[in-house]
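Read in order, the letters of the sequence shown correspond to residues 1027 to 1368 in my numbering. A virtual CB, placed ideally from N, CA and C, is assigned to each residue, including glycine. Everything below concerns the one structure shown next.
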Amino acid sequence: YFGLTVSNSSVWREGHVANGKFPTTSKGESKKSNFLNYGVKGGATYKISGRHFVTANGTYFTRTPESNSIFVSQRVRNDLVNGVTNEEVISADVNYLAKFPTFKMRLTYYYTQINNQTWVRTFWHDTYNNNVNLIMTGVNQTHQGVELGLEKSFFTSHIIQAVFNYGQNLYTNRPKLQAWQDNNATEIYKERTAYLINYRVGGSPQMVAGIGYKYNAKKYWFAGVYFNYFDEIYIEPNPDRRTAEAIDKFVEGEYDVYAPIIEQEKLPRYFTLNANAGKSFRIQKKYFLNFNLSVNNILNNQSNITSGFEQLRWDYSNVSKFDNKYYYMQGVTYMFIVNFSF
């Protein structure tokens, strides 16, 4: 298969209220930013036999940045971020599939490169006693890895499922930083280099494994239990701490002294135990009534840290003054669904 796409987007801000700090640039329409985008995708399937397949897919496209990445502070004024361009995405995957009556397998290698991203965050800056908009442009990331999925059935009713994923999600370049005060049009700095090459992209585990058992009964009911394991979890790095200016007060070679500023924290591995069950009723041979119950984190382990980030607010002289922020897993959660089909 093969496909093409072409599109054009115009993005602008219209303020309906004049802000006292920006009386001339807050009300009315901003300058329009136009983005011409295009893309191509294609793929193929090769049948080795009736039970073995190889598939490949690839795509290249550009896309418009999110509106909140185009303006320095879209809440209050029309000023545009310097250097915003179309984002570029290159992605491909290769898959091997095996399908048998009692066994299924899928092995995948995937690769995605995302270039020219723009990143805008607002935080409180103690020196300026004000909110500051920190902006990073030209951000490149690579996401690649392997996935394996297996399913084996025994005696018709018993099913074992297993999955494994190992990925490597990295920043792959040195983007540029700029910073603006939020309550005036003063640019604090621009064109500051963030040395992010080979830092991990935070926010999600980069190694996941799981195994589960499911029982399908004859009278339209089922039950299953699943064990999941998560590892290679990293804190999202603060780019301002990976600049030459962040460590310029230290003597060259004093790595042990400034290491806490530039090192990236790896979070502890964790696991979860989940279960589900369901029952279906056939009514008058043409209606179905279904009940489904799922329970997550049966062990109620609320100490699992699922992700986190470094605060943008930090102190050059005391990096531990503003601790990293963490997201913890909820306790036991459940969902009960009733479905009637006719």
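- Specify the secondary structure class of LYS1178 as computed by DSSP and reduced to three states. strand
- Task: Throw me the rounded Cβ distance for the TRP1150 and MET1162 pair, which I believe falls under 8 Å.
- Result: That belief does not hold up - the Cβ atoms of TRP1150 and MET1162 are roughly 18 Å apart, past 8 Å.
- Message: Can you look up LYS1058 in the DSSP assignment and give me helix, strand or coil?
- Response: coil
- Tell me whether ASP1274 sits in a helix, a strand or coil according to DSSP, three-state version. coil
- Query: Which residues in the same chain have their Cβ closer than 7 Å to the Cβ of TYR1122, if we skip the five residues on either side of it in sequence?
  - Reply: VAL1080, LEU1133
- Item | Run of the alpha helix (DSSP H) containing ASP1266, from where it starts to where it stops | Premise fails: ASP1266 is in no alpha helix (DSSP H) and is neither H nor E.
- Query: Would ASN1159 pass as a contact of ASP1119 if the rule is Cβ separation under 8 Å?
  - Reply: no
- CB-CB length for LEU1319 against PHE1366, believed under 8 Å: Wrong, their Cβ atoms sit about 16 Å apart, outside the cutoff.
- Message: For ILE1140, tell me which candidate among ALA1124, MET1361, GLY1164, PHE1129 has the shortest Cα-Cα distance.
- Response: GLY1164
- Run the CB neighbour count on ARG1077, radius 10 Å, all protein chains shown included, and call it buried at 16 or more, exposed below. exposed
- Message: Below 8 Å on the Cβ atoms is my contact criterion, and I expect LEU1203 with ASP1266 to pass it. Report the Cβ-Cβ distance as a whole number of Å.
- Response: 7 Å
- Query: How many whole angstroms separate the CB atoms of GLN1232 and ASN1195, which I take to be in contact at a CB cut-off of 8 Å?
  - Reply: 6 Å
- Of all the options ALA1249, ARG1147, ALA1235, which has the alpha carbon lying nearest to the alpha carbon of GLY1175? ALA1235
- Should ASN1108 and LYS1216 be called a contact, given that it needs their Cβ atoms to be closer than 8 Å? yes
- Between ASN1323, GLN1170, ARG1268, VAL1102, which lies nearest to LYS1053 when the distance is taken from Cα to Cα? VAL1102
- Item | Sub-8 Å separation of VAL1431 and TYR1354 beta-carbons | With the chain covering 1027 to 1368 only, the question about residue 1431 has no answer from this structure.
- Length of the line joining the Cα atoms of ASN1210 and LYS1057: 19 Å
- Message: Judging by CA-CA distance, which residue of ALA1220, ILE1185, ILE1214 is the nearest neighbour of TYR1197?
- Response: ALA1220
- Take the Cβ of SER1099 as the centre, count every other Cβ of all protein chains shown within 10 Å, and call the residue buried at 16 or more, exposed below. buried
- Item | Between the CA atoms of GLU1113 and THR1168 - distance to the nearest angstrom | 13 Å
- What does a CB cutoff of less than 8 Å around TYR1064 pick up in its chain, not counting 5 residues either side in sequence? LEU1030, THR1031, VAL1032, SER1033, PHE1087, THR1088
- Message: Measuring only the C-alpha atoms, how far is LYS1292 from GLY1304?
- Response: 38 Å
- Query: Would you call TYR1260 buried or exposed, if buried means 16 or more other Cβ atoms sit within 10 Å of its Cβ?
  - Reply: buried
- Where does VAL1227 sit, in a helix, a strand or coil, going by DSSP? coil
- Which whole-angstrom value is the C-beta distance of GLN1170 and ARG1226, which I expect to be below 8 Å? Their Cβ separation, rounded to whole angstroms, is 13 Å, which puts GLN1170 and ARG1226 out of contact at 8 Å.
- Message: Comparing C-alpha positions only, which one of SER1059, ASN1060, GLY1041 sits nearest to THR1051?
- Response: GLY1041
- Excluding five sequence neighbours on each side, which residues of the same chain lie with their C-beta closer than 6 Å to the C-beta of ASN1060? SER1036
- Note down, in chain order, each residue of its chain lying with its Cβ closer than 7 Å to the Cβ of PHE1028, except the 5 sequence neighbours on either side. GLY1068
- Query: What is the DSSP secondary structure of ASP1119, counted as helix, strand or coil?
  - Reply: strand
- Task: Grab me the residues of TYR1352's own chain with a C-beta within less than 6 Å of its C-beta, minus the 5 sequence neighbours each way, in chain order.
- Result: ILE1331, GLY1334
- Task: Might you give, ordered along the chain, the residues of its own chain that have their beta carbon closer than 6 Å to the beta carbon of ILE1185, omitting 5 neighbours on each side?
- Result: SER1179, LYS1240
- Query: Can you tell which of SER1343, ALA1205, ASN1254, ALA1124 has the C-alpha that lies nearest to the C-alpha of LYS1073?
  - Reply: ALA1124
- Which of the three DSSP states, helix, strand or coil, is assigned to LYS1292? strand
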